[in-house]
Amino acid sequence: MVEHPVSKGDKAVITREALQSLIDVLVASRYQVMGPTVRDGAIVYDRISSVPDLPVGWTDRQEAGRYSLARRDDAALFGFAVGPHSWKRFLHPPVQTLWEARTGADGLAITTADEPSPKFAFIGVRSCEIHAIAIQDRVFCEGPYPDPVYSIRRQDAFIVAVNCAQAGGTCFCVSMQTGPKAESGFDLALTELLDENAHEFLVEVGTTNGAEVLAQIPHRPASDAHRAAADAVVAHTATQMGRTLETDGIKQLLQGNPNHSRWDEVAERCLSCGNCTMVCPTCFCTTVEDHSDLAGRSAGRVRKWDSCFTMDFSYIHGGSIRKTARSRYRQWMTHKLASWIDQFGTSGCVGCGRCITWCPVGIDITEEAAAIRATHTAAKENEHGGA
Ligand code: SF4
Ligand code: SF4
1 MVEHPVSKGD KAVITREALQ SLIDVLVASR YQVMGPTVRD GAIVYDRISS VPDLPVGWTD
61 RQEAGRYSLA RRDDAALFGF AVGPHSWKRF LHPPVQTLWE ARTGADGLAI TTADEPSPKF
121 AFIGVRSCEI HAIAIQDRVF CEGPYPDPVY SIRRQDAFIV AVNCAQAGGT CFCVSMQTGP
181 KAESGFDLAL TELLDENAHE FLVEVGTTNG AEVLAQIPHR PASDAHRAAA DAVVAHTATQ
241 MGRTLETDGI KQLLQGNPNH SRWDEVAERC LSCGNCTMVC PTCFCTTVED HSDLAGRSAG
301 RVRKWDSCFT MDFSYIHGGS IRKTARSRYR QWMTHKLASW IDQFGTSGCV GCGRCITWCP
361 VGIDITEEAA AIRATHTAAK ENEHGGA
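Under full-length UniProt numbering, think of the first position of the sequence shown as 1, with each following residue one higher.
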């Protein structure tokens, strides 16, 4: 295989072996290469240095409150959906030291941590996750006070997307119009093409940066057959969605039903554990903790992920605004699917399904929305029938 000049918008083909070259080129360009890998019975995101670090021949099985790994009958590298991690753990770290101060022989020294920021290359970013990153970009980078930790990490990130060849049991990206094909927001996008004759990837170039990287690894132009095969992969995945969510009028539906009895029903099951917010790739809330040592020689400030499911989250002036699980679940779901649109102009949900899979009692955001819609629609029909 020889190298050909490439530019943004081109499509090329690389072999499985060339994927290692891609990782090597990124490492040589001083990127910390992060990708999916198997650990502790799940597919998580961590630092990788070689193709065997990927979940070779593994897939996942997901349902509400259920997740397990299983062997595939092939050696696919990306034959699974999303796991408990999302890329936000690298762009918006779960624990971030904002500053530390120490007194010593030379007086007071104040440092800000995490300088210089790591330069990340993310391999295996799914379309829903690209949409989630775009949502967090709006939260952290736009407006008068951009977040410096996120902004620096984000501007340096190199994104290698992977178009999904298999939907998870809790996925509903088609409903949210966020997948399964990555349309933009990537430097390179891969579609895994695997059959008994070959194991290759169709590569779409999304940026000039991506073109420069691809130019350094063995590749050849994509044929019409390769393009058709890649289109067939994502078209098939789109038919496999584990869930659907009716989004028409959902903002008005949820904001118009703050006293719906379904909120009481879901509150009877919800543990207020906050798992759904921790795994969600768009949730961004944090708390800030200050600390000092007993000797008075050091102090610091740490930012940590927080959750709207904790009592402390809405604690002001001696009391918590949302004292009940009912009010906390209603706040979370209404924010995700309705008031997020008022705030940021888009839904706060990308249909990744993580909150469904990782809820210990299997609460399903699509089921909750459908239940409210069903009774709301029935009430409307009765109203009109009785009028
Ligand atoms: S609300 Fe649930 S399905 Fe939607 S983006 Fe968050 S974790 Fe994914
Ligand atoms: S909805 Fe599920 S994951 Fe979220 S707080 Fe309630 S029990 Fe925990």
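We treat Cβ as the ideally placed atom computed from N, Cα and C, and that holds for glycine.
Quick caveat, the model's predicted, so the values are computed rather than measured.
Can you find a heavy atom of ligand 2 that lies under 7 angstroms from the Cβ of Phe313?
-> no
Which value, in whole angstroms, describes the spacing of the CA atoms of Ser187 and Arg154?
-> This sequence places Asp at residue 187; Ser is not what is there. Between Asp187 and Arg154, the C-alpha separation is close to 13 angstroms.
Report whether the distance from the Cβ of Gln179 to the nearest heavy atom of ligand 1 is below 7 angstroms.
-> Contrary to the premise, residue 179 reads as Gly rather than Gln in this sequence. For ligand 1, not one heavy atom lies less than 7 angstroms from the Cβ of Gly179.
Contacts around Val233, its chain only, beta-carbon distance under 6 angstroms, and the 5 residues preceding and following it disregarded | Ala165, Thr191
Does DSSP classify Tyr45 as helix, strand or coil?
-> strand
Could you give the DSSP three-state label for Ala387: helix, strand or coil?
-> Residue confidence for Ala387 is low, a pLDDT of 42 falling below 50, so the modelled location carries little weight; the figure read from the coordinates is stated next. If DSSP states are grouped into helix, strand and coil, Ala387 belongs with coil.
State yes or no: is the C-beta of residue 471 nearer than 7 angstroms to some heavy atom of ligand 1?
-> The chain is shown only over 1 to 387; residue 471 falls outside these bounds and no answer can be derived.
When the Cα atoms are used, what is the spatial distance from Ala387 to Thr377?
-> Bear in mind that a pLDDT of 42 at Ala387, under 50, signals an unreliable position, so the number given afterwards is only what the model happens to contain. Each residue's alpha carbon lies about 15 angstroms from the other.
For Lys323 and Leu22, the rounded distance between their alpha carbons = 51 angstroms
Please classify Phe122: does DSSP put it in a helix, a strand, or coil?
-> strand
Determine the direct distance from the alpha carbon of Asp156 to that of Ala369, and round the result to whole angstroms.
-> 37 angstroms
Just to check, is the beta-carbon of Pro84 closer than 7 angstroms to a non-hydrogen atom of ligand 1?
-> no
Who are Arg220's beta bridge partners in DSSP?
-> Val13
heavy atom of ligand 1 below 7 angstroms from Gly274 C-beta | no
Give the straight-line distance between the Cα atoms of Ser29 and Thr111, rounded to the nearest whole angstrom.
-> 28 angstroms
Cα separation between residue 388 and Ser292?
-> It is not possible to answer for residue 388, since the shown part of the chain is limited to 1 through 387.
Pull up the DSSP beta-bridge partners for His131, would you.
-> Answer is none; His131 lacks a bridge partner.
Taking the DSSP output, what are the residues bridged to Arg71?
-> Trp58
Using three-state DSSP, classify Gln96 as helix, strand or coil.
-> strand
Scan the region 190 to 253 and note each continuous beta strand (DSSP E) run of 3 residues or more that stays entirely inside, going in chain order.
-> 199 to 205
Assign Val213 to buried or exposed, taking buried as 16 or more other Cβ atoms, counted over all protein chains shown, within 10 Å of its Cβ.
-> buried
Option nearest Arg326 by Cα separation, candidates Ala64, Ile341, Glu265, Asp24 = Glu265
Tell me whether Val288 sits in a helix, a strand or coil according to DSSP, three-state version.
-> strand
How many Å lie between Thr346 and Asn197 at the Cα?
-> 43 angstroms
For ligand 2, is there a heavy atom less than 7 angstroms away from the beta-carbon of Leu271?
-> yes
Where the beta carbon is closer than 6 angstroms to any heavy atom of ligand 1, which residues qualify, in chain order?
-> Val279, Cys280, Pro281, Thr282, Lys336, Cys349, Val350, Gly351, Cys352, Gly353, Arg354, Cys355, Ile365
Whose C-alpha, out of Ala229, Gly169, Cys308, is nearest the C-alpha of Leu69?
-> Gly169
Does the distance from the C-beta atom of Trp332 to that of Cys276 stay below 8 angstroms?
-> yes
Going straight from the alpha carbon of Asp106 to that of Val149, what length do you get?
-> 28 angstroms
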